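Residue numbers (our numbering): 157 to 481.
Written out as structure tokens, the structure reads:
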């Protein structure tokens, strides 16, 4: 059985990423603090290399491969943000990358991946098995770079937690809770390891789109469950079928719970991020902010950190969502 990453793995990942990533700041809005009745600190991975947190895990994974493995190239599947992280990392190492992407992924994300030099293979996210799509390249010896269920990927994402806790200490605050967008669970599991190491009493919450709340339902059942088919969401970046095996084992131990948010709440959160934080945040990256309005997380008089995980949204889609919010 694969051993989940620990705090030492996250610290090693931080060393590999040093000088390559943006140490994204903590920012806040007096207006949002007033609205929620607490102090809300936002960590905008929208400002990260490739526009989302995914570069952290992708680069750490490629760093963990041997030169011979990297030399045969890498293959991945992704709706866009992981794809960009893998493409950028592969370009930095000078190796070939093939990435299977849903045909309905945002055109901007597909275009960015191609600009970075990776080959894009389209597939149907609702009908095609992703591993079957990439199997021909795996059979040729290319290394798989999974989107979330991999120790090196999880450890790379966990570096956000190291930064977050150090920045909170520098501000002289203790975090009562941390709220994290969740798809397959790589981000929430990695951050939770770092947060719980630094502050065991800090509650860690996942936020998911309504009808894609597989982590919430899995936590309630005590085992992994898949999402029911037939639903859609504006949160394209985090529409996974079910939690990862490794990520769920970490999350079931570390999470206080998970909150499911509607597309309407997410669109309003995007508007709030634009109006009060002056940030463009994609739908999947904004579900943590949306979760604050759910009433499920205790905010009164608390200090809470929210991860804004990505900002890769084309302006046409962004304008449509803003107009409907």
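Backbone N, C-alpha and C define an ideal beta-carbon position, used for all residues, glycine too. Note that the structure is a prediction, hence the values are computed from the model and not measured.
Span separating the alpha-carbon of residue i from that of residue j
i           : j           : result
residue 457 : residue 198 : 16 Å
residue 392 : residue 443 : 12 Å
residue 416 : residue 340 : 14 Å
residue 234 : residue 470 : 17 Å
residue 214 : residue 176 : 12 Å
residue 317 : residue 464 : 13 Å
residue 399 : residue 232 : 17 Å
residue 461 : residue 196 : 6 Å
residue 449 : residue 413 : 15 Å
Residue i classed as buried or exposed, judged by whether at least 16 other C-beta atoms fall within 10 angstroms
i           : result
residue 301 : buried
residue 330 : exposed
residue 379 : exposed
residue 210 : buried
residue 404 : buried
residue 222 : exposed
residue 422 : buried
residue 288 : exposed
Range of the contiguous beta strand (DSSP E) that encloses residue i
i           : result
residue 441 : From DSSP, residue 441 is part of no beta strand (DSSP E); its letter is neither H nor E.
residue 198 : 195-200
residue 233 : 230-233
residue 362 : 359-365
residue 301 : Here residue 301 belongs to no beta strand (DSSP E), and DSSP marks it neither H nor E.
Supposed close pair residue i, residue j - CB separation, criterion 8 Å
i           : j           : result
residue 239 : residue 255 : 5 Å
residue 349 : residue 298 : Incorrect: roughly 29 Å between the Cβ atoms, too far for contact.
residue 169 : residue 267 : That pair is no contact at about 29 Å.
residue 459 : residue 194 : 7 Å
residue 351 : residue 321 : 6 Å
residue 180 : residue 201 : 6 Å
Enclosing alpha helix (DSSP H) for residue i [first to last residue]
i           : result
residue 283 : Segment: none, residue 283 is in no alpha helix (DSSP H) and carries neither H nor E.
residue 411 : No alpha helix (DSSP H) contains residue 411, which is instead part of the beta strand (DSSP E) from 411-417.
residue 321 : 307-327
residue 394 : Unbroken run through residue 394: none, as it is neither H nor E.
residue 390 : Residue 390 -> no alpha helix (DSSP H), and no H or E assigned at all.
residue 375 : 370-377
residue 186 : 186-192
residue 351 : 342-354
- Message: Three or more C-beta pairs under 8 Å: does that hold for the region 363-371 against the region 424-436?
- Response: Contact between the region 363-371 and the region 424-436 is absent, because fewer than three Cβ pairs lie under 8 Å.
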